[in-house]
Structure formats: structure tokens, C-alpha cells
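In mature numbering (1 follows the signal peptide of the UniProt record, and there is no 0), the protein residues as written are -18 to -1, 1 to 532.
All residues carry an ideal CB built from backbone N, CA and C; glycine is no exception.
Heads up, the thing below is written out as C-alpha cells.
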């Protein structure tokens, strides 16, 4: 078989180069046999080699160009399908007739009063035009998660009897530039066809954050499209845009200026009256036992949102069902509240008797400092059962709805936080102090520092205060605040130690009761302390024999 021509050419060239590089005096290589006679028209080796390389290069370039064009055409087809699917793709939803009403929303009466104007505008837009008034083009609802911002927007649509178009801001953008802007335009175009209507955009900070943030550059086109659509008020007759966020501070200034979102309404967690109304409304769906006191539960859930309250009732119902109870009782709801606030209780966690005794003394210290310190919150429950959030024990204090705290209340809070460490000092001395007070010390230090920096209640900065981060302060100010915070915590610990030494019998009685039952309610604590004061040992033993309170 005849060898390929190219291989023969490479072999011939290699031999020629080897002959040329041989040193002088070396033996001559064997003679190369004469090449066969080539037929007429046969090309030289160098020309064929160049021709083959050019052919390979041309074919490779053409193939690469074809593959690139195919990828671009595929991407263009996908982008086109995304743009054409703006009206059909499920990035939003439409509710023609909302059944939600303002009566379904509790705890935010002031916000509802403001939104009633939007309802009146949607019902009769011409009534405002007669006097030259213009309704706000947008309403921004700002507040923590779970406070009912979406429910409020649906209630506006339900009260006005208009269609409710909702979309999450995070669903606007895709991996292709321009899709988000196209979807914004499509949303407003659909709303104009249904006007009067409400457009609700949830979590608007996803696309509405400041354009000065370089990390938000990909969302700039979407934000610009939203700004343009909200500016065209002449085209948006009968439309009200409602948006929700829990980070209003990051929104672009052009978005929240008058003429776009000109009303920013804060939606806080419900107060005691709102929680009471919410619990009564939510509880109508459940079978509750006679011992359930919704008024008491409302006082025990200060600071929680409507979503938290709904979760508590649902968890209580699940626990009661699993236990085979005929109705949801107070114990199930109390356990559900503790689970929402503190995590899952772990009574089966392995704890040595020494650790249990230490925890009992520690928690008893918190209890007694809270009981005997003026302006301190009252104790609702104390336990030495570990919880899922890492707490080895808990002293649950009553939380109220007070927005303002005075100096004596703040000092009382620090004293109660230092009560656990103080109890260890009283019972075990300095050598017996444990690491169990780590979280208490962190909270006390944070509170003491805020007293000096944020609230101007210290001597280091006086009434001027300072809200700059602690690490950004000058060394002199830093040292002064360190000294003041340390003095404040040492004084609180000294007050707690002095108080516990004066009530050492009560400290030991509460510790003993905790070791016997693991958990004590406020009523059981009252019994333990009252019998301790009376000095009746038999009465104390009867209290310890009570059924443990979950």
C-alpha cells in the first residue's frame, strides 16, 4: 500500500534536516534512494502542505461562525418568546373581585383611614377633579414582614370593587436585559384596560433600590420603566399603584418623590387592641377549649405581628390534634407561643444534675431581681428546659407596647439581665461563676452602650449622643464609652448581688422548685415565694408537689 503523500513529505523533510545538523567527521548516513518519477502536473510538497493547512483553517472558521450564529439565533428566539409572553407569563396575578375588606384588617386604624381616600377616588374619580384635587399616584406601605401590607392593598381593592393586579418585583427581571422593563410596561398596559384598578407591587426594593448602588445596575432599566409609567398620570386615570417594602430606606429617591409614591404609610405591628381583635377573628376558625383566654394571650404577645398570631393558633391546633385533644386548650397555645418566640423546647436533651442545679440558680436570680426591682417587667414563666435557639433556660418577662422607656426602666432591664450572674456569685462564689451568662452580658452591654450613644443618657457624651458605629469612634471617645459601659454593668451586678443576698431564702426556694418541676408559671412562683415568706416548710412542699406547668 502506498503511504500518504503528506506523511512522506514530513518524513523527507525530517531526514534532510537531520543530515544538515550532523557534526563533521561523523559517518555519512546511508544514501537516500531516488524519488520515484512524479507524473506531470504533480505539485511540490510545500504547496500541498500550505493548501491543506489553509483548507483546515477555513473549515474551522466557517464551523465556529456557524455555531455562534446558531447560538445567537437561539438566544434571540428565547428573548423574543419572553418579550411576547409578558401578558401570559405568570409573573403576576389578577383578582377581578377581592373579597377582603377593611374589617378584616386590625391594629392599623390610622393606615386604614388614609387608604379610605384611595377607595373614594377609585369609586368616583371625578369627585376629586371637580375641586382640582389629584389623588396620590402611588402609596408605599412600609413595615416589618407579616404586618398585613398585602392584606391592606387587597382590602382597598375589595372596598372599591375594582380589579387587583399584583406582581412581585423580583419576578420582573430575567437573565436578559430589557425583559423587566417590558414586563413593567405590560403590567401598566393591562391595568389601563381594566381601569379603574389597583396595581400592587410586593417587595419593590428588589427593583427600586437606589441606582447609585453599582450592584443594582442590572435593574436600572426596570426601575426607569417604572418611573416613566408612574409619571404618565394623564394615561393612568383610574389607576392607583400600591407597593410594599420592609426596606424603604434603600429605595431610589426618584421613586419616592412627590408625584410617584407621594404617600409613605408605616404599617407597624398591632398594639394590644389590634392583637385582641386579630385573635378573636382568627380564632373563629378553630375549636377552642373553655380555658383559653384570648385577652391574656393578647397581652402575652406584645410586638408580634398578625402573621405570628396566625402561626401561634395554627401550631396550637396542630399540637392539640396530635395529642388527641377534643379542642385547642390554653396549654397548647402557650407552648405554641413559646415555640414561635424561642424555638423548639428540648426536654429530652442530656443535661447533668450539676448543670440543672446551675441553671436553676441562674434563672432564679433573674426571677428575684425582676420581682424586687422597681420598674422591672413582671415574670410570666421561668424554665430550665433547653430551647432550640441555644438557650439553656429562660425567664420570660412580660412585654408591653410602650414605645418610650425612661432611665429607671432601662436600668431595671440591665439589673435583671445581670441577675443570673449575680445568683451564681451569691451561691458559688467567684470561682464557681460559669459561662451561662454570655447572652445576658451581650444584651446588657448592648443596652448600656445604646443608653450612652443613641439616647444620650450617659456622662461620656452627654445629651449629644452619637449614632456612629462604635468601631468608627475616635480612640478617646471609644475609651470613655468603654469605661462608662463597664461601670454601668458593674453597678448593676452589685445591685443584683445585694438584692439576692437580702432574699437568699427565696433564691434557694425558687431554685429548688425549678429542679422539681423544670418550669414554673407566674402563679406557681407566687405560691413558692408566699410560702417562703410565711416560713411554712409544709406549704413549700405542697407547692413543689403541684403538677408541672407546660
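Which same chain residues, not among the five before or five after residue i, have their C-beta less than 7 Å away from its C-beta?
i, result
"residue 430", "396, 467, 470 and 471"
"residue 129", "249, 250, 251, 287 and 288"
"residue 318", "294, 297, 298 and 301"
"residue 203", "159, 160, 162 and 163"
"residue 270", "309 and 310"
"residue 100", "117, 121, 138 and 222"
Measure the beta-carbon distance from residue i to residue j and round it to whole angstroms, keeping in mind my assumption that it falls under 8 Å.
i, j, result
"residue 170", "residue 141", "About 23 Å; that fails the 8 Å criterion."
"residue 312", "residue 275", "7 Å"
"residue 363", "residue 513", "About 19 Å; that fails the 8 Å criterion."
"residue 226", "residue 131", "4 Å"
"residue 223", "residue 353", "Actually they are not in contact, since the Cβ atoms of residue 223 and residue 353 sit about 53 Å apart, beyond 8 Å."
"residue 361", "residue 511", "The Cβ separation is near 10 Å, so there is no contact."
"residue 126", "residue 228", "6 Å"
"residue 343", "residue 406", "6 Å"
"residue 144", "residue 178", "5 Å"
Less than 6 Å between C-beta atoms, sequence neighbours within five positions excluded: which residues of the same chain meet that for residue i?
i, result
"residue 70", "Model confidence at residue 70 stands at a pLDDT of 38, short of 50, so the residue's coordinates are unreliable; what they give is reported in the following sentence. Excluding residues within five positions, none has a Cβ falling inside 6 Å."
"residue 208", "166"
"residue 182", "135, 148 and 224"
"residue 424", "none"
For the ligand GTP, I want to know if residue i counts as a neighbour, meaning its beta carbon is within less than 7 Å of at least one of the ligand's heavy atoms.
i, result
"residue 248", "In the structure on display, the ligand GTP does not appear, and there are no ligands present to speak of."
Consult DSSP for residue i and reduce its assignment to one of helix, strand or coil.
i, result
"residue 160", "coil"
"residue 441", "coil"
"residue 268", "coil"
"residue 294", "helix"
"residue 366", "coil"
"residue 84", "helix"
"residue 106", "coil"
"residue 277", "helix"
"residue 387", "coil"
"residue 449", "coil"
"residue 536", "The question about residue 536 has no answer, for the chain in this structure spans -18 to 532."
"residue 415", "coil"
"residue 333", "coil"
"residue 41", "helix"
"residue 324", "helix"
"residue 122", "strand"
"residue 512", "helix"
"residue 361", "strand"
"residue 179", "strand"
"residue 146", "strand"
"residue 286", "coil"
"residue 238", "coil"
"residue 90", "coil"
Just curious, the beta strand (DSSP E) that residue i is in, first and last residue?
i, result
"residue 117", "Careful: residue 117 lies outside any beta strand (DSSP E) and carries neither H nor E."
"residue 187", "Note, residue 187: premise wrong, no beta strand (DSSP E); alpha helix (DSSP H) at 187 to 190."
"residue 379", "376 to 379"
"residue 503", "501 to 503"
Could you name the residues of the same chain whose beta carbon sits closer than 8 Å to that of residue i, not counting the 5 residues immediately before and after it, in chain order?
i, result
"residue 463", "431, 434, 435, 440, 442, 443, 452 and 455"
Can you give me the start and stop residues for the alpha helix (DSSP H) that residue i sits inside?
i, result
"residue 245", "Segment 243 to 248 is the beta strand (DSSP E) holding residue 245; no alpha helix (DSSP H) there."
"residue 221", "Note, residue 221: premise wrong, no alpha helix (DSSP H); beta strand (DSSP E) at 221 to 227."
"residue 473", "457 to 484"
"residue 134", "131 to 142"
"residue 434", "420 to 435"
"residue 79", "Where residue 79 is concerned, there is no enclosing alpha helix (DSSP H), given that its DSSP letter is neither H nor E."
"residue 454", "Unbroken run through residue 454: none, as it is neither H nor E."
Whether or not the stretch 397 to 413 and the stretch 338 to 349 are in contact is what I'm after, with contact meaning three or more pairs of Cβ atoms, one per stretch, closer than 8 Å; do they touch?
Using a Cβ-Cβ distance cut-off of 8 Å, the stretch 338 to 349 and the stretch 397 to 413 are in contact, since at least three pairs of beta carbons, one from each stretch, lie closer than that value.
Determine contact between the stretch 353 to 369 and the stretch 485 to 505, defined as no fewer than three beta-carbon pairs at a distance below 8 Å.
yes
Does the count of Cβ pairs from the stretch 103 to 123 and the stretch 291 to 302 closer than 8 Å reach three?
no
Can at least three beta-carbon pairs, one atom from the stretch 89 to 106 and one from the stretch 261 to 269, be found at a separation below 8 Å?
no
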